[in-house]
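Here the structure comes first, spelled out in structure tokens, and everything after it is commentary.
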Amino acid sequence: MSAADIKTKRDEPAFYDCLDSTLDYCWRLFQAGVTDRQCAFHMPTLATVRPDGTPSIRTVVLRSVDPDRRQLRFHTDIRSSKVGEITEQPRVAVHFYDAKSKVQLRIDGTASLHHDDAAAAKAWRGTRPLSRQCYRVEQNPGTAIADPTEAFAPSDWQDDEAGRSNFAAVTISFDALEWLYLSAHGHRRAQFTWHDGDMRATWLVP
Numbered sequence: 001m002s003a004a005d006i007k008t009k010r011d012e013p014a015f016y017d018c019l020d021s022t023l024d025y026c027w028r029l030f031q032a033g034v035t036d037r038q039c040a041f042h043m044p045t046l047a048t049v050r051p052d053g054t055p056s057i058r059t060v061v062l063r064s065v066d067p068d069r070r071q072l073r074f075h076t077d078i079r080s081s082k083v084g085e086i087t088e089q090p091r092v093a094v095h096f097y098d099a100k101s102k103v104q105l106r107i108d109g110t111a112s113l114h115h116d117d118a119a120a121a122k123a124w125r126g127t128r129p130l131s132r133q134c135y136r137v138e139q140n141p142g143t144a145i146a147d148p149t150e151a152f153a154p155s156d157w158q159d160d161e162a163g164r165s166n167f168a169a170v171t172i173s174f175d176a177l178e179w180l181y182l183s184a185h186g187h188r189r190a191q192f193t194w195h196d197g198d199m200r201a202t203w204l205v206p
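Those letters in the sequence shown? Residues 1 to 206, by the working numbering.
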């Protein structure tokens with residue numbers, strides 16, 4: 001390795017060769033995904049399992065993260081197919097990728113639905129009026145329609161509860177996190193798992 005190569009490698013982020021720094025960086029990315037709509041982590045991909053056993057994936061919007069509980073939250077329509085899939089099989093996976101930072105995160109966890117409870121009510125209060133419009137549509141998500149304008153809901157900006165009955169919050173408690181960082185000086189891959197309150201961190205072959 002040349003002196004130039006060594007100098008360039010030293011310019012790699014602090015997490016490059018440190019598992020603790022890697023995990024801290026993961027949490028910062030999650031937090032940025034919640035607060036920054038331009039962040040690539042704002043819209044991860046959620047994978048569930050259909051009743052016939054085939055995989056189903058879609059993009060969701062990251063709404064909150066709780067590092068202490070290792071929980072992420074997104075919102076959905078209670079009538080959507082993903083709700084039935086989660087009810088049948090709550091084990092899910094979530095995929096994040098940021099091309100700019102060259103970081104991929106994958107988590108495995110258990111999803112919990114919140115519809116008519118305090119958690120859902122709190123999440124609903126935190127939504128914007130424009131977001132609530134999505135839940136005021138009369139037809140179920142995925143329903144075939146003759147004209148795309150049929151999917152628009154009547155505007156009712158005065159009624160804060162309009163659409164609330166169709167709104168659900170989904171929390172994912174994860175027990176496994178896998179991280180991948182792409183670098184010209186050598187990729188880095190690590191896995192973090194939690195069991196009975198204990199965490200295990202290890203490097204993996206990229």
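Note that the Cβ used here is the ideal one computed from N, Cα and C, for glycine as well. As the structure is a prediction and not an experimental result, all values here were calculated from the model.
Is residue i near the ligand ZN, with its Cβ less than 7 Å from a heavy atom?
| i | result |
| --- | --- |
| W179 | Among the components of this structure there are no ligands whatsoever, and the ligand ZN is therefore not found. |
Measuring CA to CA, which of the options is closest to residue i?
| i | options | result |
| --- | --- | --- |
| I172 | D196, G109, L62 | G109 |
| L105 | E178, D198, H185 | E178 |
| R164 | H95, I57, G126 | G126 |
| V205 | L182, W194, D160, S21 | L182 |
| H42 | V65, D24, T54 | V65 |
| A151 | E138, D175, D160 | E138 |
Let's see if you can read the secondary structure: which residues bound the beta strand (DSSP E) around residue i?
| i | result |
| --- | --- |
| R58 | 55-59 |
| V83 | That residue, V83, is in no beta strand (DSSP E); its alpha helix (DSSP H) goes 81-88. |
| D147 | Where D147 is concerned, there is no enclosing beta strand (DSSP E), given that its DSSP letter is neither H nor E. |
| S165 | Segment: none, S165 is in no beta strand (DSSP E) and carries neither H nor E. |
For residue i, collect the residues of the same chain with a Cβ closer than 7 Å to its Cβ; drop the 5 residues on either side in sequence, then sort them by chain order.
| i | result |
| --- | --- |
| P141 | D77, R79, S80 |
| E12 | S183, H185 |
| Y97 | A40, Q104 |
Residue i to residue j, Cα distance in whole Å?
| i | j | result |
| --- | --- | --- |
| L208 | A146 | In this structure the chain extends from 1 to 206, so residue 208 is not present and cannot be described. |
| R128 | T48 | 27 Å |
| K100 | P67 | 24 Å |
| H95 | I107 | 7 Å |
| L23 | T149 | 45 Å |
| D175 | T143 | 35 Å |
| R37 | C26 | 17 Å |
Quick check on the DSSP output: the alpha helix (DSSP H) that includes residue i runs from which residue to which?
| i | result |
| --- | --- |
| Q31 | 19-35 |
| A118 | 118-125 |
| S131 | 129-132 |
Closer than 6 Å by C-beta to residue i: which residues in its own chain qualify, once you throw out the five before and the five after it? Chain order, please.
| i | result |
| --- | --- |
| L180 | Q104, R189 |
| D5 | Note on D5: pLDDT 47, under 50, position unreliable in the model; no value is reported. |
| H187 | P206 |
| F30 | V65 |
| A111 | I86, P90, V92, V170, I172 |
| R132 | G163 |
| S21 | A14, F15 |
| A118 | none |
My assumption, with CB atoms under 8 Å, is that residue i sits in contact with residue j. Please give the rounded CB distance.
| i | j | result |
| --- | --- | --- |
| R73 | A123 | 7 Å |
Identify, in the order they occur along the chain, each residue of the same chain with its Cβ nearer than 8 Å to the Cβ of residue i, setting aside the five sequence neighbours on each side.
| i | result |
| --- | --- |
| S56 | A47, T48, V49, R50, S81, K82, E85 |
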